[in-house]
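Peer 1: Structure below; questions to follow.
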Amino acid sequence: MTSKTPVRRLLVLALLLVLVAGLAAWWLVRGDHAPSPPPPRVAAAPAPAAAATVPAVPPRVTRAAEPDDTDGVIDGRVVNGETHAGVPDAELSFAGEGMESTFRTSSDGTFELTPTVTGSFALSSVTAPGFLPYTPARGNAGMRVTLARGRSVHGVTLVLYPAVDYQGRVIDERGAPVAGARIRLVSSHAGEQMPENLTAEWRSDADGRFTFQATDDSLLEASRGSLRAWGRVDRFVTIQKQLTIQLGRALPRDATITGHVRDGRGAPIAEALVRASSFGAVPTAFAASDAGGAFTLANVDRAAYDVSAEAEDHLRAVRVNVLGGSRNVDLVLDTGLPLAGHVVDGRGAPVPVFTLIAMRRAGSARPVLANQSLVDPQGRFSVRVPAGDYDLLVSARGWARSTQAQATAGATDVRIVLGAGAILRGRVVAARARSPAPMARSSWPASPPDRSRSASSPTAITPGSRTRCRRARAPRSGR
Numbered sequence: 098m099t100s101k102t103p104v105r106r107l108l109v110l111a112l113l114l115v116l117v118a119g120l121a122a123w124w125l126v127r128g129d130h131a132p133s134p135p136p137p138r139v140a141a142a143p144a145p146a147a148a149a150t151v152p153a154v155p156p157r158v159t160r161a162a163e164p165d166d167t168d169g170v171i172d173g174r175v176v177n178g179e180t181h182a183g184v185p186d187a188e189l190s191f192a193g194e195g196m197e198s199t200f201r202t203s204s205d206g207t208f209e210l211t212p213t214v215t216g217s218f219a220l221s222s223v224t225a226p227g228f229l230p231y232t233p234a235r236g237n238a239g240m241r242v243t244l245a246r247g248r249s250v251h252g253v254t255l256v257l258y259p260a261v262d263y264q265g266r267v268i269d270e271r272g273a274p275v276a277g278a279r280i281r282l283v284s285s286h287a288g289e290q291m292p293e294n295l296t297a298e299w300r301s302d303a304d305g306r307f308t309f310q311a312t313d314d315s316l317l318e319a320s321r322g323s324l325r326a327w328g329r330v331d332r333f334v335t336i337q338k339q340l341t342i343q344l345g346r347a348l349p350r351d352a353t354i355t356g357h358v359r360d361g362r363g364a365p366i367a368e369a370l371v372r373a374s375s376f377g378a379v380p381t382a383f384a385a386s387d388a389g390g391a392f393t394l395a396n397v398d399r400a401a402y403d404v405s406a407e408a409e410d411h412l413r414a415v416r417v418n419v420l421g422g423s424r425n426v427d428l429v430l431d432t433g434l435p436l437a438g439h440v441v442d443g444r445g446a447p448v449p450v451f452t453l454i455a456m457r458r459a460g461s462a463r464p465v466l467a468n469q470s471l472v473d474p475q476g477r478f479s480v481r482v483p484a485g486d487y488d489l490l491v492s493a494r495g496w497a498r499s500t501q502a503q504a505t506a507g508a509t510d511v512r513i514v515l516g517a518g519a520i521l522r523g524r525v526v527a528a529r530a531r532s533p534a535p536m537a538r539s540s541w542p543a544s545p546p547d548r549s550r551s552a553s554s555p556t557a558i559t560p561g562s563r564t565r566c567r568r569a570r571a572p573r574s575g576r
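Counting from 98, one number per residue, gives the positions in the sequence shown under the working numbering.
Pasting the structure below:
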């Protein structure tokens with residue numbers, strides 16, 4: 098027993114030494130006494146995209162100039178609505194202040210408008226080889242651009258869509274093909290006059306066939322000798338990509354309608370656009386009033402027409418059931434009341450490019466009485482409307498759509514504030530293969546883009562709101 102005592106003592110001493118060493122190590126490395134280590138060095142990387150709750154702004158958002166930008170230019174880009182690539186050699190035509198101006202885009206689709214004179218100009222057309230033309234309805238006056246020295250606007254985006262080939266065919270009353278028929282584009286929108294620089298004609302071949310390009314709702318006229326007929330690019334034509342026009346004995350259209358355009362005091366209104374429209378595929382007749390307010394609508398038949406007139410700073414007037422051949426038709430245009438104001442962002446800075454819709458409050462109905470796309474460095478708008486209460490809706494690329502502001506006709510100090518909004522980005526994949534689906538189109542709970550006019554992408558939505566894609570479609574691969 099006595100021989101084992103030193104061994105036991107040695108074992109106990111060893112255990113005590115191990116315990117003391119462990120306690121000392123713990124005391125040395127504990128955080129209260131150890132100095133804080135330097136932060137690790139991390140290589141710089143691009144900042145991640147903002148979270149959904151933070152307003153996101155797309156690139157190339159249209160903006161007003163900085164305070165020291167005094168050139169007064171308006172620059173932007175014409176892009177392909179399918180690929181968003183720049184469209185080279187696009188021609189932009191502006192009318193206003195008693196003059197016509199034409200500009201061309203560079204190789205990357207960019208353009209720059211420099212004010213040789215200041216004032217308000219309407220974008221009357223945008224054309225490019227291989228693309229459908231932008232031809233705004235006359236009543237909407239196209240995009241209204243205000244050029245002012247010392248106030249610039251940068252990043253305006255205009256969109257053209259590639260032209261689609263349609264297959265047309267002209268037949269006679271028996272269904273036989275008509276060779277050598279003359280086909281011409283009468284209007285690019287329902288009830289609208291075709292601009293002189295955008296006329297297009299085709300001839301049918303031996304099988305009565307021809308290939309053409311036109312915007313949705315365009316009207317074509319086919320004729321051969323005394324035979325004539327019209328065809329419209331309606332929804333079914335855009336789906337089937339085929340249009341058949343059957344010639345027949347049309348009315349001679351040898352009548353005229355004459356009259357005058359006056360204001361509420363009886364004074365003549367010059368340069369008013371007068372049109373006579375009927376039902377069906379009958380083309381609309383157009384005329385402009387002269388210095389004395391007189392007009393003559395030629396080449397109408399002896400059916401009933403709705404005759405209307407519109408002029409700058411006046412309300413549109415309509416006379417219904419006017420027979421072809423009528424004389425002394427008076428159209429009186431009221432000046433209405435102004436409805437004007439400013440569109441600003443959350444900081445009070447002007448939003449220089451936007452679309453304004455004025456809807457009259459008529460019970461549960463909301464008829465649209467004004468629809469304008471504007472480029473104004475100060476974010477100003479001004480329309481003339483009949484007396485009444487209105488809902489004003491403003492939208493702009495890169496901004497969340499405004500809530501409906503209410504105003505009464507005659508108000509000139511309306512202030513509409515746009516939020517920065519957020520951008521919803523996503524990816525469309527094939528249902529089975531889960532591979533990316535190129536050239537797919539997605540639609541949201543809103544109107545789809547008008548291929549004959551303009552669109553922009555991506556679209557700003559209200560931050561924090563819930564939304565869902567209504568439909569996404571991609572072209573078939575042919576398999």
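Glycine residues also receive a C-beta, built at the ideal position from the N, C-alpha and C atoms. Nothing here was measured: the structure is a model prediction, and the numbers come from that model.
Rounded to the nearest angstrom, what separates P259 and S532 at their Cα positions?
Peer 2: 26 Å
Peer 1: Do D442 and L344 come within 8 Å of each other at the CB atom, strictly closer than that value?
Peer 2: no
Peer 1: Here's the rule I'm using: 16 or more other beta-carbon atoms within 10 Å means buried, otherwise exposed. How should M196 be labelled?
Peer 2: M196 should be labelled exposed.
Peer 1: Please look up how many angstroms separate the CB atoms of V250 and A319, rounded, as I've assumed it's under 8 Å.
Peer 2: Contact doesn't hold; Cβ gap of about 44 Å is too wide.
Peer 1: Nearest to A391 by alpha carbon, out of V330, V184, D360?
Peer 2: D360
Peer 1: Going straight from the alpha carbon of D205 to that of V176, what length do you get?
Peer 2: 9 Å
Peer 1: Pop quiz: G252 and S217 are said to be a contact at Cβ under 8 Å. What is the actual Cβ separation, rounded to whole angstroms?
Peer 2: Not confirmed; about 20 Å, so no contact.
Peer 1: From S544 to P447, what distance separates their C-alpha atoms?
Peer 2: Confidence at S544 is low in this model, with a pLDDT of 43, below 50, so its placement is unreliable and no value can be given for it.
Peer 1: Which of the three DSSP states, helix, strand or coil, is assigned to F376?
Peer 2: coil
Peer 1: Does R512 come out as helix, strand or coil in the three-state DSSP assignment?
Peer 2: In the three-state DSSP reduction, R512 falls in the strand class (E or B).
Peer 1: Please report the straight-line C-alpha distance between R413 and L466, rounded to a whole angstrom.
Peer 2: 10 Å
Peer 1: Grab the span of the alpha helix (DSSP H) containing Q337 for me, first residue to last.
Peer 2: For Q337, the uninterrupted alpha helix (DSSP H) segment begins and ends at 332-337.
Peer 1: Roughly how many angstroms separate the alpha carbons of L340 and A401, rounded to a whole number?
Peer 2: 27 Å
Peer 1: What separation, rounded to the nearest whole angstrom, lies between the Cα atoms of D510 and S375?
Peer 2: 40 Å
Peer 1: F451: buried (16+ other C-beta within 10 angstroms of its C-beta) or exposed?
Peer 2: buried
Peer 1: Can you tell me the Cβ-Cβ gap for N396 and A382, rounded? I've got them flagged as a contact below 8 Å.
Peer 2: 6 Å
Peer 1: With DSSP run on the structure shown, which of helix, strand or coil describes H411?
Peer 2: Correct three-state label for H411: coil.
Peer 1: Taking Cβ positions, are I336 and L244 nearer each other than 8 Å?
Peer 2: no
Peer 1: Are the CB atoms of E188 and R201 within a distance shorter than 8 Å?
Peer 2: yes
Peer 1: Please name the residue, chosen from V283, M456, G265, D398, that lies closest to A276 on a Cα-to-Cα basis.
Peer 2: G265
Peer 1: My parser needs the beta strand (DSSP E) runs of 3 or more residues fully inside the stretch 407-479; what are they?
Peer 2: 414-420, 426-430, 434-442, 450-457, 465-472
Peer 1: Enumerate in chain order the residues of its own chain whose CB-to-CB distance from A506 is below 6 Å, with the five nearest sequence positions on each side excluded.
Peer 2: Hits under 6 Å: L434, L436, V482, A484, G485.
Peer 1: For P226 and Q310, I'd like the C-alpha separation in whole angstroms.
Peer 2: 11 Å
Peer 1: Please return the same chain residues whose Cβ sits closer than 6 Å to the Cβ of P464, not counting the five positions on each side in sequence.
Peer 2: R457
Peer 1: Can you tell me which residues form a DSSP beta bridge with Q503?
Peer 2: D488
Peer 1: Compute the Euclidean distance between the alpha carbons of T213 and G178, then round it to the nearest angstrom.
Peer 2: 31 Å
Peer 1: Considering Cα atoms alone, identify which of Q469, P349, S492 is closest to A219.
Peer 2: Q469
Peer 1: Quick check on H403: does DSSP put it in helix, strand or coil?
Peer 2: A small fix is needed here, since residue 403 is Asp in this sequence, not His. Strand at D403.
Peer 1: Do G363 and L428 have their CB atoms nearer than 8 Å?
Peer 2: Contact: no.
Peer 1: Ignore the nearest five residues each way along the sequence and tell me which others in S323's own chain have a CB closer than 6 Å to its CB.
Peer 2: none
Peer 1: Buried or exposed, going by whether 16 or more other CB atoms sit within 10 Å of the CB of T159?
Peer 2: Note that T159 scores 45 on pLDDT, short of 50, meaning its location in the model is unreliable; the coordinates nonetheless yield the value given after this. Per the 10 Å Cβ criterion, buried.
Peer 1: Distance, Cα to Cα, A530 vs G523?
Peer 2: A530 and G523: Cα-Cα distance of roughly 17 Å.
Peer 1: Here's a check: name, in chain order, each residue in its chain whose Cβ is nearer than 6 Å to the Cβ of M240, leaving out the five neighbours to either side.
Peer 2: L220, S470
Peer 1: In the DSSP assignment, the beta strand (DSSP E) including I268 goes from what residue to what residue?
Peer 2: Looking at the DSSP string, the run of the beta strand (DSSP E) that includes I268 is 263-268.
Peer 1: DSSP on D172, reduced to helix/strand/coil?
Peer 2: In the structure shown, D172 falls within a strand segment according to DSSP collapsed to helix, strand and coil.
Peer 1: Check W327 in the structure and name its three-state DSSP category.
Peer 2: Assignment of W327 by DSSP, reduced to helix, strand and coil, places it in the strand class.
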